[in-house]
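For reference, the structure is listed below as structure tokens.
Residue numbers (the working numbering): 446 to 570.
As structure tokens, this is what we get:
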């Protein structure tokens, strides 16, 4: 138990999506990632994709606002999961690791021929 807790001004931070008693209880089920003493918090930032908007091409009209927490891409064959990932890879300037993946990447981009907009944000802890 930290010595700081004896101080009457001691406080801690709890990470919750929406403040509620259930979220409070849930935070203590995973204290390593959800509970911090104020004295232990250092300013650590992380970047995340906040939103993707696609105009034209196979995914025309797609506008996705991503969660601050966990995001997953689920769908059947041919629904655009890989296309979405390749669009994000393209917008971020990331290269593929193999020649076959590069060929697939280029084929997907040829189908797209669109406008792609990624919105990033930078958050604290």
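A virtual CB, placed ideally from N, CA and C, is assigned to each residue, including glycine.
Taken through DSSP and simplified to helix, strand or coil, residue 493 comes out as strand. In the assembly as shown, residue 564 is an exposed residue. Its beta-carbon has fewer than 16 other beta-carbons within 10 Å.
In this structure residue 493 is not in contact with residue 510, their Cβ atoms being roughly 12 Å apart against a cut-off of 8 Å. The Cβ-Cβ distance between residue 524 and residue 553 does not fall below 7 Å. Between residue 451 and residue 461, the CB-CB gap reaches or exceeds 7 Å. When rounded, the separation of the alpha-carbon atoms in residue 506 and residue 498 is 7 Å. With fewer than 16 other CB atoms across the displayed protein chains lying within 10 angstroms of its CB, residue 556 is exposed. As DSSP reads the structure, residue 508 sits in a beta bridge with 498. Assignment of residue 534 by DSSP, reduced to helix, strand and coil, places it in the helix class. In this structure, residue 520 keeps its C-beta atom at 7 Å or more from the C-beta atom of residue 559.
Residue 474 sits in a helix when the DSSP states are folded into three classes. A straight-line Cα-Cα distance of about 14 Å links residue 533 and residue 516.
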